[in-house]
Amino acid sequence: MPSPYRAIFSAPGSREFSAAGFFGRMPLSMMGIGVVTMISQLTGGYGLAGALSATLAMSAAVCGPEVSRLVDRYGQRRVLRPVTLVAVAAVAGLLICAQQGAPEWTLFVFSVGAGCVPSVGSMVRSRWAEIYRGSSRDLHTAYAWESIVDEVCFIFGPIISIGLSTAWFPEAGPLIAAAFLLVGVFWLTAQRATEPVPHPKSQQTGGSALRSRGLQVLVATFVATGAIFGGVDVVTVAFAEERGHKAAASLVLAVYALGSCLAGAVFGLLHVKGNPGTRWLVGVCAMAVSMIPLLLAGNLPLLAVALFVAGLAIAPTMVTTMALVEAHVPRTKLTEGMTWTSTGLAVGVALGSSAAGWVVDAAGAKAGYAVPVVAGALAAAVAVLGYRRLAGPAATGGRGEDDRHLRTDDDERVA
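Positions in the sequence shown are counted from 1; adding 172 to them yields our numbering.
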(Lines of atoms letter the chains of each structure in order from A and count residues from 1; the text may use other names and numbers.)
(Lines give C-alpha, C1' and ligand atoms only; values in the text may rest on other atoms or scores of the structure.)
Protein backbone atom coordinates (compact mmCIF):
# COMPACT_ATOMS: atom_id res chain seq x y z
CA MET A 1 0.00 0.00 0.00
CA PRO A 2 1.48 3.41 -0.95
CA SER A 3 2.63 5.47 2.01
CA PRO A 4 -0.18 8.10 1.97
CA TYR A 5 -2.74 5.33 2.30
CA ARG A 6 -0.68 3.52 4.94
CA ALA A 7 -0.49 6.75 6.92
CA ILE A 8 -4.24 7.26 7.21
CA PHE A 9 -4.68 3.77 8.61
CA SER A 10 -2.40 4.54 11.53
CA ALA A 11 -5.50 5.87 13.33
CA PRO A 12 -6.90 3.27 15.77
CA GLY A 13 -9.96 1.47 14.47
CA SER A 14 -9.70 2.89 10.94
CA ARG A 15 -9.03 -0.46 9.26
CA GLU A 16 -12.01 -2.05 10.96
CA PHE A 17 -14.62 0.59 10.15
CA SER A 18 -13.42 0.90 6.55
CA ALA A 19 -13.65 -2.88 6.11
CA ALA A 20 -17.14 -2.92 7.60
CA GLY A 21 -18.09 -0.09 5.26
CA PHE A 22 -16.97 -2.18 2.30
CA PHE A 23 -19.45 -4.94 3.13
CA GLY A 24 -22.18 -2.46 3.96
CA ARG A 25 -21.78 -0.73 0.58
CA MET A 26 -21.83 -3.86 -1.57
CA PRO A 27 -25.65 -3.67 -1.91
CA LEU A 28 -25.22 -0.27 -3.55
CA SER A 29 -23.82 -2.02 -6.63
CA MET A 30 -25.73 -5.28 -6.24
CA MET A 31 -29.34 -4.56 -5.35
CA GLY A 32 -30.52 -2.49 -8.30
CA ILE A 33 -28.77 -4.52 -10.97
CA GLY A 34 -29.79 -7.70 -9.13
CA VAL A 35 -33.45 -6.72 -9.30
CA VAL A 36 -33.09 -5.85 -13.00
CA THR A 37 -31.51 -9.24 -13.69
CA MET A 38 -34.04 -11.10 -11.52
CA ILE A 39 -37.12 -9.54 -13.10
CA SER A 40 -35.78 -9.83 -16.64
CA GLN A 41 -35.08 -13.50 -15.96
CA LEU A 42 -38.58 -14.09 -14.64
CA THR A 43 -40.55 -11.95 -17.12
CA GLY A 44 -38.31 -11.55 -20.16
CA GLY A 45 -38.76 -7.74 -20.23
CA TYR A 46 -36.92 -4.67 -18.98
CA GLY A 47 -39.74 -2.16 -18.49
CA LEU A 48 -40.88 -3.58 -15.13
CA ALA A 49 -37.27 -4.32 -14.16
CA GLY A 50 -36.22 -0.72 -14.76
CA ALA A 51 -39.27 0.62 -12.92
CA LEU A 52 -38.57 -1.51 -9.85
CA SER A 53 -34.91 -0.49 -9.86
CA ALA A 54 -36.05 3.12 -10.09
CA THR A 55 -38.41 2.59 -7.14
CA LEU A 56 -35.56 1.22 -5.05
CA ALA A 57 -33.37 4.19 -5.88
CA MET A 58 -36.14 6.73 -5.31
CA SER A 59 -36.97 5.21 -1.93
CA ALA A 60 -33.32 5.45 -0.92
CA ALA A 61 -33.31 9.06 -2.09
CA VAL A 62 -36.29 9.95 0.07
CA CYS A 63 -35.27 8.01 3.18
CA GLY A 64 -31.49 8.49 3.07
CA PRO A 65 -31.26 12.13 4.19
CA GLU A 66 -33.78 11.62 6.98
CA VAL A 67 -31.89 8.57 8.25
CA SER A 68 -28.63 10.54 8.19
CA ARG A 69 -30.28 13.48 9.94
CA LEU A 70 -31.29 11.13 12.73
CA VAL A 71 -27.75 9.69 12.79
CA ASP A 72 -26.29 13.18 13.27
CA ARG A 73 -28.70 13.67 16.16
CA TYR A 74 -28.72 10.26 17.90
CA GLY A 75 -25.65 8.38 16.66
CA GLN A 76 -25.00 5.64 14.12
CA ARG A 77 -25.70 2.59 16.28
CA ARG A 78 -29.12 3.70 17.56
CA VAL A 79 -30.43 4.54 14.10
CA LEU A 80 -28.74 2.23 11.59
CA ARG A 81 -29.56 -1.12 13.14
CA PRO A 82 -33.37 -0.85 13.17
CA VAL A 83 -33.42 0.79 9.72
CA THR A 84 -31.32 -2.04 8.31
CA LEU A 85 -33.61 -4.70 9.75
CA VAL A 86 -36.60 -3.03 8.07
CA ALA A 87 -34.78 -2.93 4.72
CA VAL A 88 -33.72 -6.59 4.92
CA ALA A 89 -37.27 -7.69 5.79
CA ALA A 90 -38.58 -5.75 2.78
CA VAL A 91 -36.02 -7.41 0.48
CA ALA A 92 -37.22 -10.79 1.71
CA GLY A 93 -40.80 -9.82 0.89
CA LEU A 94 -39.78 -8.61 -2.57
CA LEU A 95 -38.01 -11.85 -3.42
CA ILE A 96 -40.87 -14.02 -2.20
CA CYS A 97 -43.42 -12.03 -4.21
CA ALA A 98 -41.26 -12.18 -7.35
CA GLN A 99 -40.68 -15.91 -7.00
CA GLN A 100 -44.36 -16.66 -6.38
CA GLY A 101 -45.60 -14.47 -9.24
CA ALA A 102 -47.52 -12.10 -6.97
CA PRO A 103 -49.27 -9.02 -8.45
CA GLU A 104 -46.91 -6.32 -9.66
CA TRP A 105 -48.11 -3.79 -7.09
CA THR A 106 -46.72 -5.97 -4.30
CA LEU A 107 -43.29 -5.80 -5.92
CA PHE A 108 -43.43 -2.02 -5.84
CA VAL A 109 -44.57 -1.95 -2.21
CA PHE A 110 -41.66 -4.09 -1.04
CA SER A 111 -39.24 -2.19 -3.30
CA VAL A 112 -40.10 0.97 -1.37
CA GLY A 113 -39.17 -0.75 1.89
CA ALA A 114 -36.06 -2.35 0.41
CA GLY A 115 -34.85 1.07 -0.66
CA CYS A 116 -34.81 2.35 2.93
CA VAL A 117 -31.14 1.49 3.34
CA PRO A 118 -28.69 3.75 5.19
CA SER A 119 -25.98 5.54 3.26
CA VAL A 120 -23.12 3.45 4.63
CA GLY A 121 -20.55 5.35 2.59
CA SER A 122 -21.57 8.59 4.28
CA MET A 123 -21.29 6.94 7.69
CA VAL A 124 -17.73 5.81 6.99
CA ARG A 125 -16.68 9.14 5.51
CA SER A 126 -18.05 10.98 8.54
CA ARG A 127 -15.77 8.83 10.71
CA TRP A 128 -12.78 9.81 8.60
CA ALA A 129 -13.82 13.46 8.85
CA GLU A 130 -13.98 13.17 12.63
CA ILE A 131 -10.50 11.64 12.80
CA TYR A 132 -8.76 14.00 10.34
CA ARG A 133 -10.74 17.15 10.96
CA GLY A 134 -7.62 19.32 11.08
CA SER A 135 -5.67 17.73 8.21
CA SER A 136 -6.97 18.38 4.71
CA ARG A 137 -4.15 16.29 3.16
CA ASP A 138 -5.02 13.17 5.16
CA LEU A 139 -8.72 13.74 4.61
CA HIS A 140 -8.15 13.98 0.85
CA THR A 141 -6.36 10.63 0.94
CA ALA A 142 -9.08 9.09 3.12
CA TYR A 143 -11.82 10.24 0.74
CA ALA A 144 -9.80 8.88 -2.18
CA TRP A 145 -9.47 5.56 -0.39
CA GLU A 146 -13.22 5.36 0.15
CA SER A 147 -13.80 6.13 -3.52
CA ILE A 148 -11.52 3.20 -4.33
CA VAL A 149 -13.61 1.04 -2.00
CA ASP A 150 -16.75 2.26 -3.77
CA GLU A 151 -15.35 1.25 -7.12
CA VAL A 152 -14.15 -2.14 -5.86
CA CYS A 153 -17.76 -2.69 -4.80
CA PHE A 154 -18.88 -1.77 -8.30
CA ILE A 155 -16.27 -4.08 -9.83
CA PHE A 156 -17.28 -7.16 -7.87
CA GLY A 157 -20.87 -6.34 -6.93
CA PRO A 158 -22.41 -6.68 -10.42
CA ILE A 159 -20.31 -9.77 -11.13
CA ILE A 160 -21.62 -11.43 -7.98
CA SER A 161 -25.20 -10.23 -8.39
CA ILE A 162 -25.65 -10.92 -12.10
CA GLY A 163 -23.56 -14.08 -11.96
CA LEU A 164 -25.55 -15.64 -9.11
CA SER A 165 -28.90 -14.62 -10.59
CA THR A 166 -28.08 -16.13 -13.98
CA ALA A 167 -26.15 -19.22 -12.83
CA TRP A 168 -27.93 -20.12 -9.58
CA PHE A 169 -31.49 -18.78 -9.31
CA PRO A 170 -32.99 -15.38 -10.25
CA GLU A 171 -33.40 -14.14 -6.67
CA ALA A 172 -29.83 -14.98 -5.63
CA GLY A 173 -28.28 -11.57 -6.40
CA PRO A 174 -30.62 -9.43 -4.26
CA LEU A 175 -30.55 -12.08 -1.52
CA ILE A 176 -26.76 -11.94 -1.15
CA ALA A 177 -26.88 -8.13 -1.32
CA ALA A 178 -29.21 -8.08 1.70
CA ALA A 179 -26.82 -10.37 3.57
CA PHE A 180 -23.90 -8.02 2.87
CA LEU A 181 -25.93 -5.08 4.17
CA LEU A 182 -26.79 -6.85 7.40
CA VAL A 183 -23.21 -7.91 8.09
CA GLY A 184 -21.68 -4.56 7.17
CA VAL A 185 -24.02 -2.36 9.19
CA PHE A 186 -23.93 -4.47 12.35
CA TRP A 187 -20.13 -4.75 12.17
CA LEU A 188 -19.76 -1.00 11.63
CA THR A 189 -22.09 -0.03 14.45
CA ALA A 190 -20.35 -2.42 16.84
CA GLN A 191 -17.28 -0.14 16.63
CA ARG A 192 -18.18 2.58 19.12
CA ALA A 193 -14.73 4.15 19.59
CA THR A 194 -14.64 5.74 16.12
CA GLU A 195 -18.33 6.63 15.95
CA PRO A 196 -18.79 10.41 15.55
CA VAL A 197 -20.28 12.13 18.57
CA PRO A 198 -23.97 12.83 17.93
CA HIS A 199 -25.23 16.41 18.00
CA PRO A 200 -28.53 16.72 19.89
CA LYS A 201 -31.34 18.78 18.44
CA SER A 202 -30.42 21.66 20.75
CA GLN A 203 -27.09 21.96 18.88
CA GLN A 204 -28.70 21.82 15.43
CA THR A 205 -29.15 25.22 13.78
CA GLY A 206 -30.19 26.52 10.40
CA GLY A 207 -32.53 23.70 9.32
CA SER A 208 -31.57 21.13 6.70
CA ALA A 209 -28.04 20.87 5.32
CA LEU A 210 -29.62 21.33 1.89
CA ARG A 211 -30.03 25.03 2.65
CA SER A 212 -26.37 25.39 1.67
CA ARG A 213 -26.26 26.94 -1.81
CA GLY A 214 -23.11 25.01 -2.68
CA LEU A 215 -24.67 21.71 -1.65
CA GLN A 216 -27.71 22.49 -3.80
CA VAL A 217 -25.46 22.67 -6.87
CA LEU A 218 -23.73 19.40 -6.01
CA VAL A 219 -27.01 17.56 -5.48
CA ALA A 220 -28.65 18.93 -8.63
CA THR A 221 -25.63 17.93 -10.71
CA PHE A 222 -25.57 14.49 -9.14
CA VAL A 223 -29.17 13.87 -10.13
CA ALA A 224 -28.05 14.01 -13.75
CA THR A 225 -24.87 12.08 -12.94
CA GLY A 226 -26.92 9.34 -11.31
CA ALA A 227 -29.01 9.10 -14.48
CA ILE A 228 -25.77 8.31 -16.31
CA PHE A 229 -25.02 5.41 -13.96
CA GLY A 230 -28.59 4.07 -13.90
CA GLY A 231 -28.86 4.22 -17.67
CA VAL A 232 -25.50 2.55 -18.25
CA ASP A 233 -26.35 -0.34 -15.90
CA VAL A 234 -29.71 -1.20 -17.46
CA VAL A 235 -28.67 -0.71 -21.07
CA THR A 236 -25.45 -2.71 -20.67
CA VAL A 237 -27.37 -5.76 -19.40
CA ALA A 238 -29.74 -5.49 -22.36
CA PHE A 239 -26.86 -4.88 -24.79
CA ALA A 240 -25.09 -8.03 -23.62
CA GLU A 241 -28.29 -10.08 -23.80
CA GLU A 242 -28.98 -8.96 -27.39
CA ARG A 243 -25.58 -10.37 -28.30
CA GLY A 244 -26.20 -13.65 -26.52
CA HIS A 245 -23.88 -13.05 -23.56
CA LYS A 246 -26.05 -11.65 -20.78
CA ALA A 247 -23.73 -12.81 -17.99
CA ALA A 248 -20.89 -10.85 -19.62
CA ALA A 249 -22.67 -7.62 -18.64
CA SER A 250 -21.22 -7.99 -15.14
CA LEU A 251 -17.68 -8.06 -16.55
CA VAL A 252 -18.29 -5.04 -18.76
CA LEU A 253 -19.70 -3.05 -15.85
CA ALA A 254 -16.73 -4.19 -13.75
CA VAL A 255 -14.37 -2.68 -16.34
CA TYR A 256 -16.29 0.61 -16.01
CA ALA A 257 -15.69 0.55 -12.25
CA LEU A 258 -12.07 -0.54 -12.73
CA GLY A 259 -11.30 2.62 -14.68
CA SER A 260 -12.70 4.71 -11.84
CA CYS A 261 -10.84 2.65 -9.23
CA LEU A 262 -7.46 3.14 -10.91
CA ALA A 263 -8.05 6.86 -11.37
CA GLY A 264 -9.08 7.21 -7.73
CA ALA A 265 -5.98 5.37 -6.52
CA VAL A 266 -3.68 7.72 -8.43
CA PHE A 267 -5.69 10.81 -7.42
CA GLY A 268 -5.32 9.92 -3.75
CA LEU A 269 -1.52 9.99 -4.08
CA LEU A 270 -1.51 13.53 -5.42
CA HIS A 271 -1.13 16.66 -3.36
CA VAL A 272 -3.83 18.55 -5.22
CA LYS A 273 -3.64 22.31 -5.66
CA GLY A 274 -5.94 25.02 -6.91
CA ASN A 275 -9.66 25.58 -6.54
CA PRO A 276 -11.57 22.32 -5.84
CA GLY A 277 -14.63 23.80 -7.53
CA THR A 278 -12.71 24.06 -10.80
CA ARG A 279 -11.47 20.46 -10.52
CA TRP A 280 -15.02 19.35 -9.88
CA LEU A 281 -16.36 21.19 -12.94
CA VAL A 282 -13.69 19.65 -15.17
CA GLY A 283 -14.53 16.20 -13.81
CA VAL A 284 -18.26 16.54 -14.46
CA CYS A 285 -17.67 17.75 -18.02
CA ALA A 286 -15.25 14.86 -18.63
CA MET A 287 -17.90 12.37 -17.49
CA ALA A 288 -20.39 13.95 -19.88
CA VAL A 289 -18.09 13.79 -22.91
CA SER A 290 -17.09 10.20 -22.14
CA MET A 291 -20.66 9.00 -22.71
CA ILE A 292 -20.67 9.84 -26.43
CA PRO A 293 -18.49 6.87 -27.58
CA LEU A 294 -21.03 4.44 -26.08
CA LEU A 295 -23.36 5.21 -28.99
CA LEU A 296 -20.67 4.01 -31.40
CA ALA A 297 -19.77 0.69 -29.72
CA GLY A 298 -20.98 -2.18 -31.85
CA ASN A 299 -19.81 -5.10 -29.72
CA LEU A 300 -18.94 -5.97 -26.13
CA PRO A 301 -15.14 -5.55 -26.36
CA LEU A 302 -15.49 -2.03 -27.80
CA LEU A 303 -18.12 -1.21 -25.22
CA ALA A 304 -15.79 -2.37 -22.44
CA VAL A 305 -12.99 -0.11 -23.72
CA ALA A 306 -15.34 2.87 -23.96
CA LEU A 307 -16.63 2.31 -20.44
CA PHE A 308 -13.13 1.91 -19.01
CA VAL A 309 -12.16 5.32 -20.41
CA ALA A 310 -15.42 6.80 -19.15
CA GLY A 311 -14.73 5.45 -15.66
CA LEU A 312 -11.47 7.41 -15.35
CA ALA A 313 -13.36 10.61 -14.58
CA ILE A 314 -15.64 9.22 -11.86
CA ALA A 315 -13.56 8.71 -8.69
CA PRO A 316 -11.58 11.98 -8.86
CA THR A 317 -14.87 13.86 -9.27
CA MET A 318 -16.41 12.03 -6.31
CA VAL A 319 -13.40 12.72 -4.08
CA THR A 320 -13.56 16.41 -4.89
CA THR A 321 -17.30 16.37 -4.23
CA MET A 322 -16.80 15.11 -0.68
CA ALA A 323 -14.22 17.84 -0.05
CA LEU A 324 -16.70 20.44 -1.28
CA VAL A 325 -19.46 19.03 0.93
CA GLU A 326 -17.14 19.23 3.95
CA ALA A 327 -16.40 22.86 3.09
CA HIS A 328 -19.97 23.99 2.47
CA VAL A 329 -21.95 22.11 5.14
CA PRO A 330 -21.94 22.69 8.94
CA ARG A 331 -20.03 20.01 10.80
CA THR A 332 -23.11 19.17 12.89
CA LYS A 333 -24.87 18.20 9.63
CA LEU A 334 -21.95 16.58 7.82
CA THR A 335 -23.43 13.08 7.57
CA GLU A 336 -26.67 14.52 6.26
CA GLY A 337 -24.79 16.68 3.76
CA MET A 338 -22.83 13.73 2.41
CA THR A 339 -26.02 11.71 2.16
CA TRP A 340 -27.70 14.42 0.10
CA THR A 341 -25.12 13.84 -2.65
CA SER A 342 -25.95 10.14 -2.50
CA THR A 343 -29.61 11.10 -2.65
CA GLY A 344 -29.01 13.11 -5.80
CA LEU A 345 -27.30 10.09 -7.33
CA ALA A 346 -30.16 7.82 -6.22
CA VAL A 347 -32.80 10.06 -7.78
CA GLY A 348 -30.77 10.15 -10.97
CA VAL A 349 -30.32 6.38 -10.97
CA ALA A 350 -34.08 6.04 -10.59
CA LEU A 351 -34.76 8.32 -13.53
CA GLY A 352 -31.97 6.92 -15.67
CA SER A 353 -32.74 3.24 -15.11
CA SER A 354 -36.47 3.76 -15.69
CA ALA A 355 -35.94 5.80 -18.86
CA ALA A 356 -33.33 3.34 -20.14
CA GLY A 357 -35.64 0.36 -19.55
CA TRP A 358 -38.41 1.92 -21.62
CA VAL A 359 -36.05 2.99 -24.40
CA VAL A 360 -34.55 -0.50 -24.60
CA ASP A 361 -37.98 -2.13 -24.84
CA ALA A 362 -39.08 0.38 -27.49
CA ALA A 363 -35.98 0.81 -29.65
CA GLY A 364 -33.31 -1.70 -28.61
CA ALA A 365 -30.24 -1.64 -26.42
CA LYS A 366 -27.94 0.45 -28.60
CA ALA A 367 -30.50 3.26 -28.72
CA GLY A 368 -30.70 3.08 -24.93
CA TYR A 369 -27.24 4.63 -24.61
CA ALA A 370 -28.81 7.93 -25.65
CA VAL A 371 -30.11 8.13 -22.07
CA PRO A 372 -26.66 8.49 -20.39
CA VAL A 373 -25.52 10.81 -23.20
CA VAL A 374 -28.42 13.19 -22.55
CA ALA A 375 -27.93 12.86 -18.78
CA GLY A 376 -24.25 13.76 -19.14
CA ALA A 377 -25.11 16.88 -21.10
CA LEU A 378 -27.55 17.94 -18.38
CA ALA A 379 -24.96 17.32 -15.64
CA ALA A 380 -22.42 19.50 -17.43
CA ALA A 381 -24.97 22.26 -17.96
CA VAL A 382 -26.00 22.35 -14.30
CA ALA A 383 -22.37 22.28 -13.16
CA VAL A 384 -21.44 25.20 -15.40
CA LEU A 385 -24.44 27.26 -14.28
CA GLY A 386 -23.79 26.59 -10.58
CA TYR A 387 -20.02 26.85 -10.64
CA ARG A 388 -19.90 30.27 -8.97
CA ARG A 389 -21.49 28.91 -5.81
CA LEU A 390 -18.65 26.41 -5.44
CA ALA A 391 -15.73 28.51 -6.65
CA GLY A 392 -16.18 31.26 -4.05
CA PRO A 393 -15.56 31.02 -0.31
CA ALA A 394 -18.05 28.85 1.56
CA ALA A 395 -20.36 30.33 4.15
CA THR A 396 -19.83 29.06 7.67
CA GLY A 397 -23.30 27.54 7.73
CA GLY A 398 -23.44 27.80 11.49
CA ARG A 399 -20.01 26.31 12.22
CA GLY A 400 -18.85 29.27 14.25
CA GLU A 401 -15.64 31.26 14.28
CA ASP A 402 -13.38 28.35 15.30
CA ASP A 403 -14.59 26.17 12.46
CA ARG A 404 -14.33 29.07 10.03
CA HIS A 405 -10.67 29.51 10.98
CA LEU A 406 -10.00 25.78 10.67
CA ARG A 407 -11.61 25.61 7.24
CA THR A 408 -9.57 28.57 6.03
CA ASP A 409 -6.36 26.88 7.19
CA ASP A 410 -7.35 23.68 5.41
CA ASP A 411 -8.13 25.51 2.17
CA GLU A 412 -4.73 27.17 2.27
CA ARG A 413 -2.99 23.83 2.71
CA VAL A 414 -4.88 22.35 -0.27
CA ALA A 415 -4.05 25.39 -2.39
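For glycine and all other residues, C-beta sits at the position ideal for the given N, C-alpha and C.
Sorting Met202, Leu506 and His500 by C-alpha distance to the C-alpha of Met295 places Leu506 at the top. Contact check for Ala551 and Met490: beta-carbon distance about 13 Å, past the 8 Å limit, so the pair fails to qualify.
About 6 Å separates the beta carbon of Val391 from that of Thr513, a gap short enough to meet the 8 Å contact definition.
Rounded to the nearest angstrom, the gap between the Cα atoms of Ala314 and Thr492 is 12 Å. Rounded to whole angstroms, Thr515 and Ala542 show a C-alpha spacing of 23 Å.
In this structure, the alpha-carbon of Gln213 lies about 15 Å from that of Glu276. In this structure Met463 is in contact with Gly548, their Cβ atoms being roughly 4 Å apart against a cut-off of 8 Å. With contacts defined as CB atoms closer than 9 Å, Ala522 and Gly402 qualify as a contacting pair. With contacts defined by Cβ atoms closer than 9 Å, Gly236 and Ala518 form a contacting pair. Linking Tyr428 to Val481 through their CA atoms gives a straight-line distance of about 8 Å.
Separation of Ala191 and Gly185 (C-alpha to C-alpha, rounded to the nearest whole angstrom) is 10 Å. Proximity of the stretch 251 to 270 to the stretch 283 to 291 meets the contact definition, three or more beta-carbon pairs being nearer than 8 Å.
For Gly524, the enclosing alpha helix (DSSP H) covers residues Leu506 to Ala535. Setting aside the 5 residues that flank it on each side, Pro544 is surrounded in the same chain by Ile400, Gly403, Val404 and Met463, each with a C-beta closer than 6 Å to its C-beta; the list follows chain order. In the assembly as shown, Ala495 is a buried residue. Its beta-carbon has 16 or more other beta-carbons within 10 Å. DSSP places Cys325 in the helix class (H, G or I) of the three-state scheme.
Put simply, of Leu562, Ser291, Ile327 and Ala362 the residue whose alpha carbon is nearest the alpha carbon of Leu430 is Ile327.
Counting every other CB atom within 10 Å of its CB across the protein chains shown gives Ser182 a total below 16, marking it as exposed. Just so you know, the alpha carbons of Gln248 and Gly193 end up roughly 13 Å apart. Your pair Arg385 and Arg561 checks out as a contact, with CB atoms roughly 5 Å apart and the cut at 8 Å.
Annotation: the continuous alpha helix (DSSP H) that includes His500 extends over Ile486 to His500. With contacts defined by Cβ atoms closer than 9 Å, Glu188 and Trp359 form a contacting pair.
Separation of His443 and His312 (C-alpha to C-alpha, rounded to the nearest whole angstrom) is 9 Å. Excluding its 5 nearest sequence neighbours in each direction, Ser231 has C-beta neighbours in its own chain below 8 Å: Ser283, Val284, Gly285, Ala286, Gly287 and Cys288, listed in chain order. Pro346 places its beta carbon less than 9 Å from that of Val263. Closest in alpha carbon position to Trp530, among Leu279, Ala410 and Val369, is Ala410.
Cβ atoms of Leu200 and Thr361 stay farther apart than 8 Å, at about 18 Å.
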